[in-house]
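Protein chains in written order, with my numbering: chain A, 93 to 468; chain B, 14 to 422. See structure below.
Below you can see the structure in the form of structure tokens.
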């Protein structure tokens, strides 16, 4: 489909983009997103009937969906604080979305990105605090601390994801349930570790000491890092033999085994890889967003599921879905502050997006009815 | 092999508890004695109570999955019903006396819904005269239910019961949504189930915030307890089995009923056939889609009872912070279903096992042992993982997760 002179991996990527089925999936994603937003508007309108307010937007409706969406999508343009939050969220959601996509691509439902992120974040914070004093002063030391912390985060996240991977591969334990259980365990264990051993002196909440200021970075660097990782992962998955094995092992274990690939080991590997990216997300959250580990880590892992599903588990699609949800997430702060609409609304939309993307048949039926597409 | 492991696990757990109890009673001064003293009748009662949401989710999961629809959205259904129960109870009772007008409106709504549901069932059938019959049946059912509730519970408690019914209905509504998405539009069952969970996880705190301005609700009346005179005076058994919450009795009733339905009725046979060999069922002239709809709706009804049973049964409020008050009980219910090998009795036993661990960690927290609360809280989750690792994937119904298309369409 693409010219011969292109290097093979790039050719593969282009083929994928123009692929008919990929195009159809893109259409489904866009349709699902639009429908979810419309439904979210209805939810907002109906919820407004039950809310108490001084001056209703229209009649008995306290909330105005149009205003909600204006703030949700346009607040980054008008409010520098929200813009900053959008950039931060986008970087984080690129990472968690990628983490989920890697596992889903391999046919594994890693719902445990949240837990991997929580423990990865803790490891990164602890390592940064520990390494801090030993590192040379200045930017060199900062980079050194940051890199070590991110490595620690990925390793811990990867190892934590290897547990459900191994349980899936060798004991046939359903990874959806084990990863969700490990989410609960991760937050309890992290809470225990920090409150018992690593508590910031004099602090009222459960949190670690601050990481050295030199190791912290802004969202621009995090975004560059995340985009680079997305591109590298795309290459890994579609440009290398390893990536091919990874994709087949989870989806067609028999075929993989026949081709001489140890499918079980590949399952563990893909979960570890997914967890390592999730753990890195945790490290970035610590170094970029909060500067320490604090109890009550935001649900970035769950948002990653939405990002990945919306991107049909395609890392390149994550590049669009991540920032989209990143801005909605940041905008949810502004609807709360400005309009008094609870920010959990974005959580509802998140679920609706997943539900609608899961039913391409619905949109296909609609398309046929409206004489769109081929209409088989 | 798997069933052997499962049996061995049950036996070891039961034996271990028994030995602990005996040794503890013999040596009351020791650490074991102190530990055993915790395991008294009120411990057994709280374990039974804690098993309610888990076991109801598991029972619902059994019907859905045996009919061929993997419903991993149970956690979401529990969240939705736990919230709805409290919200409606709050609306009905407010701060003061029972709002009779609101109660009547709700009752009429319930009746209307049941009539519509009945008529819809009639519409699905071949015989059009069924529409009126079933619609009337829905009306009659509501009247009987309302009458019984007021007579049995009295006017004050009736409001809480009405809220309970509403919660079950809303949970069933969510299950219907899931059924349409997976059966009609052939969505991936795992992803759609995940979506149901995430929608509930966002919607319940959202609605809670809209109504009360906080993710946690204020307190409402609970359903109270049903005490059998005389029998409740019996030692140990009396306080556990004859002085319990209504939902506990429902569970003790629902478990054998579910087992009987699955094993010995034609509906149960259809459900099993729909999960194992839908083609054969279709050939036999039974509509696979309708069987699956019924089974998924049942999972909504059961989860509704479990979720509202938790929030209205004992707690008397909705907690929407973090992973909400349901806190993974639906997921543990799915594990109980797997551990119990899709058998209602097995699932009930497994739920009781998980719940007794949960109750144990509450008890040990009160005893002020050296083990910190946050670590004790992980015990049920760790157990779930261990159980899954040892039991692994049970033999799922052959057609579970697959869509069925009748040929003639």
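Glycine is no exception: its CB is placed at the ideal position from the N, C-alpha and C atoms.
Beta-carbon proximity list for residue i, same chain, < 6 Å, skipping 5 on both sides
i	result
residue 89 (chain B)	209, 210 and 213
residue 184 (chain B)	90, 93, 94, 313, 316 and 317
residue 103 (chain B)	233
residue 172 (chain A)	none
residue 329 (chain B)	232, 233 and 235
residue 127 (chain A)	448
residue 155 (chain B)	123, 124 and 127
Cβ pair residue i, residue j closer than 8 Å
i	j	result
residue 400 (chain A)	residue 189 (chain A)	yes
residue 451 (chain A)	residue 164 (chain A)	no
residue 371 (chain A)	residue 294 (chain A)	no
residue 454 (chain A)	residue 306 (chain B)	no
residue 315 (chain A)	residue 169 (chain A)	no
residue 211 (chain A)	residue 263 (chain A)	no
residue 440 (chain B)	residue 132 (chain B)	No information on residue 440 (chain B) is available, as it lies outside the stretch 14 to 422 that chain B covers here.
residue 67 (chain B)	residue 368 (chain B)	yes
residue 161 (chain A)	residue 137 (chain A)	no
residue 215 (chain B)	residue 443 (chain A)	yes
residue 359 (chain A)	residue 333 (chain A)	no
residue 426 (chain A)	residue 167 (chain A)	yes
residue 241 (chain B)	residue 219 (chain B)	no
residue 87 (chain B)	residue 70 (chain B)	yes
residue 99 (chain B)	residue 119 (chain B)	no
residue 72 (chain B)	residue 267 (chain B)	yes
residue 260 (chain B)	residue 65 (chain B)	yes
residue 325 (chain A)	residue 407 (chain A)	yes
residue 441 (chain A)	residue 397 (chain A)	no
residue 321 (chain B)	residue 171 (chain B)	no
residue 319 (chain A)	residue 186 (chain A)	yes
DSSP three-state assignment for residue i, whether helix, strand or coil
i	result
residue 240 (chain B)	strand
residue 95 (chain A)	Low local confidence applies: a pLDDT of 49 at residue 95 (chain A) is under 50, so the model's placement there is unreliable, and no value is given.
residue 201 (chain A)	coil
residue 256 (chain B)	strand
residue 450 (chain A)	coil
residue 387 (chain A)	coil
residue 403 (chain B)	helix
residue 196 (chain A)	helix
residue 20 (chain B)	helix
residue 338 (chain B)	coil
residue 369 (chain A)	helix
residue 462 (chain A)	coil
residue 304 (chain A)	coil
residue 349 (chain A)	helix
residue 327 (chain B)	helix
residue 289 (chain B)	helix
residue 374 (chain B)	helix
Beta-carbon proximity list for residue i, same chain, < 7 Å, skipping 5 on both sides
i	result
residue 227 (chain A)	233, 236 and 237
residue 32 (chain B)	none
residue 142 (chain A)	none
residue 389 (chain B)	374, 377 and 378
Identity of the residues DSSP links to residue i by a beta bridge
i	result
residue 197 (chain B)	Note: residue 197 (chain B) sits in no beta bridge, so no partner.
residue 299 (chain A)	A:386
residue 229 (chain B)	B:332
Residues near residue i by beta carbon distance below 8 Å, same chain, minus five either side
i	result
residue 229 (chain A)	306
residue 201 (chain A)	195, 267, 268 and 271
residue 252 (chain A)	204, 207, 208, 211, 212, 274, 278, 367 and 371
residue 18 (chain B)	403 and 404
residue 224 (chain A)	237, 303, 304 and 307
residue 299 (chain A)	286, 291, 292, 384, 385, 386 and 387
Checklist line | Residues within the segment 218 to 236 of chain B neighbouring chain A, beta-carbon criterion of under 9 Å | finding: 218, 219, 220, 221, 222, 223, 224, 226 and 228
Next item on the list: Please name the residues in the segment 374 to 399 of chain B whose beta-carbon is closer than 7 Å to at least one beta-carbon of chain A, in chain order.
Entry: 385, 387, 388, 390, 391, 394, 395, 397 and 398
Check: the segment 445 to 457 of chain A: which residues have C-beta closer than 7 Å to a C-beta of chain B, in chain order?
Finding: 446, 447, 450, 451, 453 and 454
Check: At a Cβ cut of 9 Å, what residues of the segment 47 to 76 of chain B count as close to chain A, listed as they run along the chain?
Finding: none
Notebook entry, point to check: In the segment 280 to 292 of chain A, which residues sit with their C-beta less than 8 Å from some C-beta in chain B, listed in chain order?
Noted result: 280, 281, 283, 284, 287 and 288
Note to self: Please identify, using Cβ separations under 7 Å, the residues of the segment 347 to 359 of chain B that lie next to chain A, in order along the chain.
What the structure shows: 347 and 348
Next item on the list: Anything in the segment 283 to 299 of chain B with a Cβ closer than 9 Å to a Cβ of chain A? List those residues in chain order, please.
Entry: none
Note to self: By the 8 Å beta-carbon criterion, what residues does the segment 180 to 202 of chain A contribute toward chain B?
What the structure shows: 201
Next item on the list: Can you give me, in chain order, the residues of the segment 375 to 397 of chain A that have a beta carbon less than 9 Å from any beta carbon in chain B?
Entry: 388, 391, 394 and 397
Next item on the list: Compile a chain-ordered list of the residues in the segment 320 to 348 of chain A whose CB is closer than 7 Å to at least one CB of chain B.
Entry: none
Check: Name the residues in the segment 144 to 155 of chain B whose C-beta lies less than 9 Å from a C-beta of chain A; which are they?
Finding: none
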